[in-house]
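All remarks here apply to the structure that follows.
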Amino acid sequence: MKKSLVLLSLGLLAVAQITNAADVTGTISLKGAAPAEIDIGPTMTESSPDCAALYAGRKLPTTHFYVVGKAGELADVVVSLKDAAGNAITGKSTGSSAPAVELDQKGCVYTPEILAVQTGQKIIVKNSDPCVHNVHTSPVDNPESNQVQMPGGADLTFTFAKPEPFLKFKCDVHPWMFAWVSVFDSPYFAVSGKDGKFTIKNVPPGEYTLVAAHRKLGTQTAKIEVKAGGAVQNFTFDVK
Amino acid sequence: MMKHKYNPALFWFAVLNVIATFLLIGLGGLVTSHEAGMSVPDWPNSYGYNMFLFPIKDWVGGIFYEHTHRLLATVVGLLTTILALWLWFKDARPWLHWLGIAAFLLVIVQGVIGGLRVRLNMDYLGIPHGIIAQTFLVLTAAIALFTSRWWQKTETEKPKAVPRGLRRHVLYVAILIFLQLIIGATMRHQHAGLSIWDFPLAHGQLWPSTTPAAIADYNAHRPPGTVGHPVTAFEVNLQMVHRLVALLIFLSVAAAAFLARKKLGGADGLTKFAWFWFGLLALQIVLGAATVLSNKAADVTTLHVMVGASALLAGALWWLMAARRMRQAEKLK
């Protein structure tokens, strides 16, 4: 009886915690004009005409280092929570039960190029192209892997056990193809969309350090307090 | 015991092996210059195919360099095997039998290291792979020299002596070039892009500062299009050592050419060869500068690798030819 009461109390406490949890939201902006992107077209045409042929009648792609809206809304910024002291939040991953994230190779570029997952969360890599790719991860803290993916071949599944910022996926066949996966040991992160907005959901109340990281523009941090109604924090990056 | 005599078929076959090896080094250079070493993730198969049956339509992008490198490597492996057997059964010189076996074993080791680099995702295995390639080139060229008519002919007149000091000087310079190639291979297999992108100065200085603040500043001002992880102090210092050793080699080869002219006369074959060697070094310095100023353009960087290999080969062959001449001179004493 006593045991049941304790378990019930713990359950209620957990439910209460989730119920109190709130969202951290905000908008990321870029101040100033973004540097010019690099034109991939000449390299693609020269080394992989099969890829260039996929763009028949369309403009060949450029890099997507700075995805910026008309009003300066900045996409592809990885926003995450650390504790109040600025230490990474660890041991909170729900990655093993979280839905898989999809990374496609289409038009000989990775889509999306910036994504974030939890430790243990599956990344399903697809090949929607009619050509071969190799999917080569170049981590710092996780094991490296390099796998074949034929056109129409089976999807590849990747998981990472250790947190790591901007873990590189690349294709050595097509040296302009990169995707950058940030791995967290908690579910408290988001990637800003094309409107510059981000939402980190179900954050327990408390004080945190909010980190906004852009692969080219660097990292900004802000101290925030998450209350029952959530928290709002915006970031503005300057072009260096 | 068989008396050894010049076998033109064997000699030209050995030369063919040297040419194939040299081209293989060039193709290997293109693999690294295009960062294509891992573009075929399996080995010895290629994307699940037997490597000889891999469809040509899929030889695109990085695969083209890596796959053709593998195919040419099998050709060199086959040529070396035939050469070793030919030497073993048809040449009268036991030491040359073993040199053929050494070449055979080295080409096997080289192939396995290349395969392990792919299978184990070990970038740094590219360093021994590059070093063995240079060693193998010298070995195959030495075998070709030993099977040449020139090496086997008997002199009737005492040849002009090559002073021991000059021979030692050339040997030490050849060893220095080999060390320089090791430094170069280490720089290339950092996969870090350029750590210094100006020349003749380095980050605007004679010897660039490598304090953490200076390194952070270099990384903040890397030129557009630079690839690779952030520059480190080790990489900056390594490139500076490479530049200094290059200068030392250039001056040493110039000294060798002047010494050869002084001691052997301008018309001597070894003097002319020394001037050719000097020309290679001058070209190599230009290519080194062009490698930096072109932000490691793949073709320029690969030419730098090939001329570097040629410079090592020239030094090694010069020394062997001088040694052979001295031996002939001793016989005619």
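So the protein sequences, as listed, match chains B and H.
For what it's worth, the numbering used here labels the leading residue of the first sequence as -11, then goes sequentially.
For what it's worth, the numbering used here labels the leading residue of the second sequence as 1111, then goes sequentially.
Virtual Cβ for every residue (Gly too), placed ideally from N, Cα, C.
Quick one: which residues of the stretch 103 to 136 of chain B get their C-beta closer than 8 angstroms to a C-beta of chain H? List them in chain order.
CYS119, VAL120, ASN122, HIS124, GLU132, SER133, ASN134, GLN135 and VAL136
Is the closest heavy atom of the ligand ADP to the C-beta of VAL1280 (chain H) under 7 angstroms?
By its list of ligands, the structure shown contains no ligand whatsoever, and the ligand ADP lies outside what it can speak to.
Given this structure, state the Cα-to-Cα distance separating MET1111 (chain H) from ALA1202 (chain H), to the nearest angstrom.
Residue confidence is low: MET1111 (chain H) scores 43 on pLDDT, short of 50, so the model does not pin down where it sits. Its coordinate-derived value is still stated next. About 7 angstroms.
Could you tell me the boundaries of the alpha helix (DSSP H) in which TYR1328 (chain H) lies?
1322 to 1330
Examine the Cβ distances between the stretch 1147 to 1157 of chain H and the stretch 1221 to 1236 of chain H and report whether three or more of them are shorter than 8 angstroms.
yes
Rounded C-beta distance between TYR196 (chain B) and ALA72 (chain B)? I'm assuming under 8 angstroms.
6 angstroms
Which residues does DSSP pair with GLU152 (chain B) in a beta bridge?
B:VAL171
When the distance is taken between beta carbons, is VAL191 (chain B) closer than 8 angstroms to ALA9 (chain B)?
yes
Could you pull the start and end residues of the alpha helix (DSSP H) that PHE1214 (chain H) belongs to?
1204 to 1229
Just to confirm, is the Cβ distance from PRO193 (chain B) to PHE172 (chain B) under 8 angstroms?
no
Return no unless some Cβ of chain H is closer than 8 angstroms to the Cβ of SER52 (chain B).
Note that residue 52 (chain B) corresponds to His in the displayed sequence, not to Ser. For HIS52 (chain B), the answer is no, since every Cβ of chain H falls outside 8 angstroms of its Cβ.
Look at the Cβ atom of GLY20 (chain B), then the Cβ atom of ASP183 (chain B), and state whether they are nearer than 8 angstroms.
no
Find out if the Cβ-Cβ distance for the pair GLN106 (chain B), PRO175 (chain B) is shorter than 8 angstroms.
yes
Mind listing the chain H neighbours of PRO49 (chain B)? Cutoff is C-beta to C-beta under 7 angstroms, in chain order.
Simply none; closest approach about 15 angstroms.
Tell me, please, whether the CB atom of GLY1236 (chain H) is closer than 8 angstroms to any CB atom in chain B?
no
Classify TRP1429 (chain H) as buried or exposed, calling it buried when 16 or more other Cβ atoms lie within 10 Å of its own Cβ.
buried
Which of helix, strand or coil does DSSP assign to THR187 (chain B)?
strand
Is it true that the CB of CYS159 (chain B) sits closer than 8 angstroms to the CB of HIS124 (chain B)?
yes
Would ASP241 (chain B) pass as an interface residue toward chain H - the criterion being a Cβ-Cβ separation below 8 angstroms?
Since the displayed chain B opens at -11 and closes at 228, residue 241 (chain B) lies outside it and no answer follows.
Can you tell me which of the three DSSP states LEU1358 (chain H) falls into?
helix
Can you round the beta-carbon distance between LYS1406 (chain H) and GLY1303 (chain H) to whole angstroms, since I take them to be within the 8 angstroms contact cut?
7 angstroms
Simplified DSSP assignment, three categories, for GLY206 (chain B)
strand
Kindly indicate which three-state DSSP category LEU48 (chain B) falls into: helix, strand or coil?
coil
Answer yes or no: do SER35 (chain B) and GLY1171 (chain H) have a C-beta to C-beta separation smaller than 8 angstroms?
yes
Closer than 8 angstroms to chain H by CB, ASP38 (chain B)
yes
SER1174 (chain H) versus B:LEU48, B:GLU61 and B:PRO37, residue with shortest Cα-Cα distance:
Rather than Ser, the amino acid found at residue 1174 (chain H) in this sequence is Phe. Of B:LEU48, B:GLU61 and B:PRO37, the residue nearest in Cα terms is B:PRO37.
Close beta carbons around ALA4 (chain B), own chain, < 7 angstroms, minus the five adjacent residues each side
No answer about ALA4 (chain B) holds up, because its pLDDT of 49 lies below 50 and its placement is not dependable.
Any Cβ of chain B within less than 8 angstroms of the Cβ of SER1149 (chain H)?
yes
In terms of residues, what are the limits of the alpha helix (DSSP H) holding SER1285 (chain H)?
The sequence given here places Ile at residue 1285 (chain H); Ser does not occur at that position. Unbroken alpha helix (DSSP H) run through ILE1285 (chain H): 1274 to 1298.
Spell out whether any CB of chain H is found under 8 angstroms from the CB atom of SER35 (chain B).
yes
Using 10 angstroms around the beta-carbon of ASP64 (chain B), count the other beta-carbons present and answer buried if the total reaches 16, otherwise exposed.
buried
Between B:VAL179, B:LYS211 and B:LEU91, which has its C-alpha nearest HIS202 (chain B)'s C-alpha?
B:VAL179
My assumption, with CB atoms under 8 angstroms, is that VAL1272 (chain H) sits in contact with ARG1371 (chain H). Please give the rounded CB distance.
Contact flag wrong, Cβ pair sits at about 13 angstroms.
CB contact below 8 angstroms: GLY1138 (chain H) versus chain B
no
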